[in-house]
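**Student:** Anchor point for the sequence shown: position 384 equals 430 in our numbering, and the numbering is continuous, going up by one each time. Note that beta-carbon positions come from the ideal geometry of N, C-alpha and C, so glycine has one too.
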Amino acid sequence: MKWSYGIFSAFGIQIRVHLTFLLIVGYFAFIWGVLREPGGVSGALYGVLLVILLFALVVVHELTHSRVAQYYGIEVTNITLLPIGGMAMMGEFPRDPMKELVISIAGPLSNVVLAVIMAVGAFVFFDVGAVFDDFIGVMLSPSVRGAYFYLLVTNIALAVFNLLPAFPMDGGRVFRSLLQLWLSRSRANRIAVVTGQVFALLLGLFGILTGNIVMLLIAVFIFFGAQAEGQGDGVRRVLGNLKVSQAVNTSIEVARPDQVIGQLATRLFHSYQEDFPVVDEAGTVVGIVTRERLISNLGTLGPNHPVSETMRTDFPVAGLEECVYDAFVRMRTKNVKAMPVMRGRELVGMVSLEDISEVYALLSAAGTEFIRRVPEEPRPAKEGSE
């Protein structure tokens, strides 16, 4: 995701912070530094510390999801912290509804476990009776005790909110997986999507009637999240039986590590190809040069910068027998727009998001039965002229 920066890694998963995260930091600093007593610099710093602790809970929530997903063989590349929460970038959820249920419910359960532990800790470290006499006042006071109970309540709120039966929250996936015990996946998904959107409309109406802007924004987030989940399921149905061998673009040009990026950039004037696989003298694909990286290095390092220092070496590849939808999910997870297609160690061509969009449009118009007419005759890729 653009404008996001890595801060640390855990279990092979990079934790990233989106630049817009500063908005929520500034908001908390404003609330505790200006609107609440005693305010001032100390209050603002307390607000910043509180939001950092709050999002530590979000990281635990997302990491729990991710670790369970990894257990089931799903690749998780990163977790990005946004003002609205955390987002784990992972591959396709398993088709088995029970596995999807376990992955989805793991996050909220982590919050429940933490809340129980913190509740026990409250009886050990604090005078709980005195706290309950003025619970709201204590929770909103800038102190160790106030922060503790604020985070305790937030843990419970995170669990409850995420278990709402609406996409893109965990509860939407839990609801869909439970429906799949009796219904087909497509029907279960449609019911879950509609339920989520109806919930979003009711929440939005409540936000409008009460003048609660935050509630309205959450409703918009839920509505379009449910819509995106429905569209994703539609893409899966259309592309589900299409192989990469039927969508691979074999009319591509390749680059060599000993070239300079100026030579490679000239090809953009005569080709719609944006990403170039880099092949060494032995015919091995050793990297890929993306359009974004090529243009960036061209402007900052000049046209004589070598391809070998511009290419991306951590890139996914697709096999001819792989499902196009699976290739699409891996491109999205790896944040690439195209990837090489291989027959063993031989480069056959490339498959890109643009290619997939094209075949999706064709199959949507002609029907999925049209797949039977698509030949599987990929030819080897050719090296372009300099």
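#1: Tell me where the beta strand (DSSP E) around E146 begins and ends.
#2: So, for D401: in the same chain, excluding its five sequence neighbours on each side, which residues have a beta-carbon less than 7 Å away from its beta-carbon?
#3: My output table needs one value for R389: the three-state DSSP class, helix, strand or coil.
#4: Does DSSP classify L438 as helix, strand or coil?
#5: Identify, in the order they occur along the chain, each residue of the same chain with its Cβ nearer than 7 Å to the Cβ of A115, setting aside the five sequence neighbours on each side.
#6: Among residues of its own chain, excluding the 5 on either side of D142, which ones have a beta-carbon nearer than 8 Å to its beta-carbon?
#7: Kindly list the residues whose CB is nearer than 8 Å to the CB of I259, restricted to its own chain and excluding five residues on each side of it in sequence; keep chain order.
#8: Would you mind working out which of L347, V335, V300, G308 sits nearest E327, comparing C-alpha positions?
#9: Should the region 238-251 be regarded as contacting the region 260-275, the criterion being three or more beta carbon pairs within less than 8 Å?
#10: Any idea if G257 is buried or exposed, counting beta-carbon neighbours within 10 angstroms, 16 or more meaning buried?
#11: Check this for me: beta carbons of V220 and L229, under 8 Å apart or not?
#12: Output needed for L127: all residues of its chain with C-beta closer than 6 Å, excluding positions within five of it in sequence on either side, in chain order.
#13: Check whether the Cβ atoms of A384 and S403 lie closer than 8 Å to each other.
#14: So, under 8 Å CB-CB, L288 and I417 are touching, yes? Tell me the CB distance rounded to an integer number of Å.
#15: Where does the unbroken alpha helix (DSSP H) through I130 begin, and where does it stop?
#16: Would you tell me roughly how many angstroms separate the C-alpha atoms of S50 and L65, rounded to the nearest one?
#17: Would you list the residues sitting across from Y92 in a DSSP beta bridge?
#18: Cα separation between V174 and N343?
#19: Using C-beta distances below 6 Å, list every residue in its chain close to S223, excluding the 5 sequence neighbours before and after it, in chain order.
#20: When the Cα of V387 is compared with those of S410, G333, V353, A168, which residue comes out closest?
#21: For the alpha helix (DSSP H) that contains F181, what are its first and last residues?
#22: Leaving out five residues before and five after F267 in sequence, what residues of the same chain have Cβ atoms less than 7 Å from its Cβ?
#23: With DSSP as the reference, please indicate the residues paired to F54 in a beta bridge.
#24: Kindly indicate which three-state DSSP category G175 falls into: helix, strand or coil?
#25: Would you check if there are 3 or more beta carbon pairs closer than 8 Å linking the region 349-366 to the region 302-313?
#26: Should F269 and A238 be called a contact, given that it needs their Cβ atoms to be closer than 8 Å?
**Tutor:** So, from the data block:
#1: Position 100 of the sequence shown, counted from the start, is the residue given in the question as residue 146. That residue, E146, is in no beta strand (DSSP E); its alpha helix (DSSP H) goes 143-171.
#2: Start at 1 with the first residue of the sequence shown, and residue 401 comes out as number 355. Only A293, N295 meet the Cβ criterion.
#3: Looking up residue 389 in the sequence shown gives position 343. Three-state DSSP puts R389 in a strand.
#4: Residue numbering for the chain in the displayed model covers 47 to 432; residue 438 lies beyond these limits and cannot be assessed.
#5: For the purposes of this step, residue 115 is taken as residue 69 along the sequence shown, with counting starting at 1. Excluding positions up to five away in sequence, the list reads V122, M136, I149.
#6: For this step, residue 142 is matched to residue 96 along the sequence shown. Nothing meets the Cβ criterion.
#7: Translated into positions along the sequence shown, residue 259 becomes position 213. Within the same chain, I259 has close Cβ partners G253.
#8: In the sequence shown, residue 327 corresponds to position 281, counting from 1. Ranking the options by Cα distance to E327, first place goes to V300.
#9: The region 260-275 and the region 238-251 touch, with three or more beta-carbon pairs separated by less than 8 Å.
#10: Position 211 of the sequence shown, counted from the start, is the residue given in the question as residue 257. Of the residues assessed, G257 falls on the exposed side of the cut-off, its CB having fewer than 16 other CB atoms within 10 angstroms.
#11: Numbered from 1 along the sequence shown, position 174 holds the residue referred to as residue 220. Numbered from 1 along the sequence shown, position 183 holds the residue referred to as residue 229. Cβ atoms of V220 and L229: not closer than 8 Å.
#12: Translated into positions along the sequence shown, residue 127 becomes position 81. Closer than 6 Å at the Cβ level, and outside the excluded window around L127, lie V63, F67, F101.
#13: Your numbering for residue 384 matches position 338 in the sequence shown. Your numbering for residue 403 matches position 357 in the sequence shown. No, Cβ-Cβ distance for A384 and S403 is not below 8 Å.
#14: Residue numbering aside, residue 288 sits at position 242 when the sequence shown is read from its first letter. Residue numbering aside, residue 417 sits at position 371 when the sequence shown is read from its first letter. Going by Cβ atoms, the distance from L288 to I417 rounds to 5 Å, so yes, they are a contact pair.
#15: Locating residue 130 in the sequence shown gives position 84, counting from the first residue. Looking at the DSSP string, I130 is not in any alpha helix (DSSP H), and its letter there is neither H nor E.
#16: Counting from one through the sequence shown, the residue named residue 50 turns up at place 4. Counting from one through the sequence shown, the residue named residue 65 turns up at place 19. C-alpha separation (whole angstroms): 6 Å.
#17: In the sequence shown, the residue the question calls residue 92 occupies position 46. The partner list for Y92 (beta bridge, DSSP) is empty, contrary to what the question assumes.
#18: Residue mapping note: residue 174 aligns to position 128 of the sequence shown, counting from 1. Residue mapping note: residue 343 aligns to position 297 of the sequence shown, counting from 1. Straight-line Cα distance between these residues: approximately 60 Å.
#19: For the purposes of this step, residue 223 is taken as residue 177 along the sequence shown, with counting starting at 1. Counting only Cβ-Cβ distances below 6 Å, and skipping sequence neighbours, we find P143, E146, L147.
#20: Your numbering for residue 387 matches position 341 in the sequence shown. Nearest C-alpha to V387: G333.
#21: Numbered from 1 along the sequence shown, position 135 holds the residue referred to as residue 181. F181 -> alpha helix (DSSP H) spans 181-185.
#22: Along the sequence shown, one-based indexing puts residue 267 at 221. The residues are I130.
#23: Within the sequence shown, the letter at position 8 stands for residue 54. Paired residues: I61.
#24: By one-based count along the sequence shown, residue 175 stands at place 129. Helix.
#25: These segments touch.
#26: Translated into the one-based positions of the sequence shown, residue 269 becomes position 223. Translated into the one-based positions of the sequence shown, residue 238 becomes position 192. Contact flag unset, no.
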